[in-house]
Structures are given as C-alpha cells and as structure tokens.
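Number of protein chains: 2
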Amino acid sequence: MSHTLGIRQAQKQKTRQAFLDAALALLEEQSLSSLGLREVTRAVGVAPTAFYRHFRSTADLGVALVDEALGSLHPMVRTTVATAGAERITRAVRLISDHVAAHPAHVRFIARERHGGVQPVREAIRDQLARFAEEVGAELAKDPEAEGWSEDDLLMLAHLYVDQMLITASLFLETLESPEPSEAERERVARIAARQMRLISLGRQHWLD
Amino acid sequence: MSHTLGIRQAQKQKTRQAFLDAALALLEEQSLSSLGLREVTRAVGVAPTAFYRHFRSTADLGVALVDEALGSLHPMVRTTVATAGAERITRAVRLISDHVAAHPAHVRFIARERHGGVQPVREAIRDQLARFAEEVGAELAKDPEAEGWSEDDLLMLAHLYVDQMLITASLFLETLESPEPSEAERERVARIAARQMRLISLGRQHWLD
DNA sequence: AATTCCGGAGAACAGTTGTTAACTGGATGA
DNA sequence: TCATCCAGTTAACAACTGTTCTCCGGAATT
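Heads up: the sequence lines are chains A and B, in that order.
Under the numbering used here, the letters of the first sequence match residues 1 to 209, in that order.
Under the numbering used here, the letters of the second sequence match residues 1001 to 1209, in that order.
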C-alpha cells in the first residue's frame, strides 16, 4: 500500500534532499564541524531560515547523511559476505571498488566524520558500523570454518573485516582523488586489499590449531 | 655541540609551543577546518596578529601538530616491533595503551585529521604513517618467518599492522572518553586487539603454504 | 654606545555567522 | 467555499571572522 504524498509533502522532501545533496558537495573540501548553515542554504538557493524547517542544526543534517550513506548498504554487504569460498574476497573487493566509484562523496563523508568533531554524527556512524559487524559475523557463522568458534571471536573477526573494508574504501578514494586517476592504480589497491583479506582468512583457518 | 638559544629565540619557541598546546586543546571538540585563528590567539592570551609571526595559517599549524604527535614515536614503535616471539604483541598493545593514556589529545588529533578536511595535514599524516609502515616492514624482515617473502608482501603486512595499531589506539581513546572510564573496559579492548594481531600473525605464518 | 632587528600590540576593514520575529501565499481539510 | 496549516521569505540583531597597516620596546648586532 504505497501512500501517494500530497504535493506539499513531496515538495518538502524535494528541498530536504536538495539540502543533503548540497551539504555533501560542500563537505568534499571541509568537515562537518565547519559547515555553515548559511553556506548550505546559499548553495541550495533558499533563505537561511528555511533550513530550520528541515533540521535543527548542521549536526542533525549530518546524522541524516549518515543514514543516507550507510542505510541502504546493509543488504549488499550481507549478500556479498554470504558468498562461499575464494570468490568471497573477489566479490567483496569489487563491491567496495564499485561503491566508491558510484558514491565517492558518501564514502569520503563517512571516513571523515567517523572520528570527526561532531559527537552525534560519530555515534551514528559507530552504530551503523557495529550493525555491519554483527551482520558480517552472522554470515561468517554459517561457514564450516566457523565450527568451534566462540561468539566473541566471531565478532572480533567481523570487526577486523569491517575495518579492513573501510580502509580499502578510503584507499580507492585516494585513487580517484589523484590528479590523473589511472585504472592501474585502482588495480594495485584492489590486489593489495585482496591479499590482506586473504591473509586474514588464512589466520582464521588456523585459529583453532 | 648544543647551541644555547638567545633569550629572544627562546621566548619565541615558548609562545609557539603555547599556540600548539592551545590548538590541541581546542581540537578536542572540533576539527581543524573549523579552528579559527582568533580562537587560538584568544586561548593563548596574545593579539590575533601575533599568530602570523609563527604560522601562515591554521593548516600550517596543523602540519606542525602532526610532527609533534608522530615525530618522536618512530623509535618507540621500531624497538617494540623488534621484540621477537609472542611477547611482541603484548608489548605492542601495551605501548599503544600507554601512549593513548599519556597523550590522548595527540591521538585524537591524528585519528580525526587523517581523513579530515585539510589537505596538507592529511598528506603529512599519510607520509608519517607510510614511514611507520616502512620501519615496521624493515623489522619484520629480520624475523625467520620472513624467509621467502617478497618486498611487496612484507609492506602489505606492515600496512595491515600499522592500520590495526591506529584502530586500536582509537578504541582506547573511546574508552577514556566514556562517562565512567573503567579499567575493565580498557582491558577488554586490549584483549580484542591482541587477539586480532595474533590472528594476523597466524595468517602470516601460513602465507607461503 | 648607537643602530638594526623583530615578536607582539592596537585599531580598523569588510564580510561572515546563527537565530529571532513577523509575514506571505499556496496546499490542505472541513 | 472558507478557515487552517505550514514551507519558505524578509529584515534585522549582535557577535564573530581573517587580514592589513602602523606602531612599540626590548633584544641583538655592530
């Protein structure tokens, strides 16, 4: 049952999205704690006071951006990790590479604000990453290699993988930021990331020795 | 041959250090790209224009902070990694834990600005971390387990360790930031970090299989 | 002893910031 | 049809920003 929005609410969501888009663009060259309210409204093309109709503060906007950047990514990560065998690493690296290429500003925002100067945003990102770790852990538990593993150890391993994914995403980003983004450079990062994940997987296989 | 500084240069270095200290304190609750020049001078207790006698801009000050935070850490990391056997991981975790406890603001600054909004600072941090990776790689090469390893693979492993150290440092930091910092919480982080490093070491031992 | 140097102070500049209050006009619901 | 709602506007506020130029007084140099 999809409820058709009134033309009023539709317009509101439209300008709200315009706020998110404009902020994300501005955040490519600064961090959230220096993002001004007027700066955003100027970029959108509305009066400064219009901002308050959508967000309490720029920190509030930042939390909304976290949801936009990570919210829809959970199913993708889940199905990718669900892949069995050696293919899993290949697909994971490709997922990251493609996602960074498709949404570089989102990735930059998350990497930047994960340890940034705005507490509510840091917390929102931390919660989302913890969710990723739990989901990855749940998928890893289905592997035959997970036999004999404690819940704690599985979560430790899952966090290792999630952190590694974020580091890899950040490296792909630097690849795009370089003055002459070359496919060769991207491939180099992909190969290093794959080898690091393979090394971690090897450690996992011999954990119970 | 230690050259005694004139009372003029000595005074200059003193206020310069005051700038660094004040900035570091202010950066506990914001990021560098929102740090104002007047804000810093006000905290130091000097006129705004005095700032220019020491730094071109706040970005310049940030680069100086990177050197202060990471510059003197290289020998410590080197000797810690030089430790052989199972003791290496224990010492590494303790080094990180102690360093975070002793210089929390420095660690926070590095974690925050590594992906922050100020390019020159990002580059300075990236260069320093690359140096750490090279040094760690050089120490790892001395291990008997390094036999048959390519230069590339050693560097890949070293980067994995360095990134892992930074993640661990950041987790120790969160431990201190909690409303009621408990020794139990710190110990929990230490145990997880040690297990993650042990898992990586296991992967290393079976890499050439 | 006389001169140069230079870290810091003071005042002023135009431009920016977040937030408030009162208002407008088209969509909404009775 | 008419009263209500509400996203966005306009105007104004005090407070703040980075930067320039001019000046001072003590250290450094000759």
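Glycine included, each C-beta is placed from N, C-alpha and C at the ideal position.
query, result
"B:P1075 in three-state terms, based on DSSP", "helix"
"Whether A:P120 touches A:A59 by CB criterion (7 Å)", "yes"
"Neighbour flag for B:S1034 against chain A, beta carbons, 7 Å", "yes"
"Contacts of B:D1067 in chain A (Cβ-Cβ under 7 Å)", "Within chain A, no residue comes near B:D1067; the closest Cβ sits about 20 Å away, beyond 7 Å."
"For B:T1168 and B:V1186, believed in contact at Cβ under 8 Å, the rounded distance", "One detail in the question is off: residue 1186 of chain B reads as Arg in this sequence, not Val. 11 Å between Cβ atoms; not a contact."
"Within-7 Å CB hit, A:R38 to chain B", "no"
"For A:G203, three-class secondary structure by DSSP", "helix"
"The stretch 117-136 of chain A touching the stretch 55-75 of chain A, judged by at least three CB pairs closer than 8 Å", "yes"
"Whole-Å CB distance - A:L70 paired with A:I110, under 8 Å assumed", "7 Å"
"Delimiting residues of the alpha helix (DSSP H) encompassing A:Q11", "I7 to L26"
"Burial state of B:R1122, where buried means 16 or more other Cβ atoms lie within 10 Å", "buried"
"Any chain B beta carbon closer than 7 Å to A:I192", "yes"
"Cross-chain neighbours of B:V1167 in chain A, by beta carbon under 8 Å", "Note that residue 1167 of chain B is Ile in the sequence shown here, rather than Val. Under the 8 Å cutoff, chain A gives D163."
"Simplified DSSP assignment, three categories, for A:V63", "helix"
"Rounded separation between B:D1127 and B:V1063 - CA only", "11 Å"
"Cβ of B:L1160 within 7 Å of any chain A Cβ", "yes"
"Cβ of B:H1103 within 7 Å of any chain A Cβ", "no"
"For B:D1152, the three-state DSSP class (helix, strand or coil)", "helix"
"Neighbour flag for B:G1148 against chain A, beta carbons, 7 Å", "no"
"Contact with chain B by A:I200, beta-carbon distance below 7 Å", "yes"
"Local conformation of A:D98 per DSSP, three classes", "helix"
"Same chain, Cβ closer than 8 Å to B:L1037, five either side skipped, listed in chain order", "P1048, F1051, S1057 and T1058"
"Three-way DSSP call (helix, strand, coil) for A:F276 in this model", "Nothing can be reported for residue 276 of chain A, as the shown portion of chain A is limited to 1 through 209."
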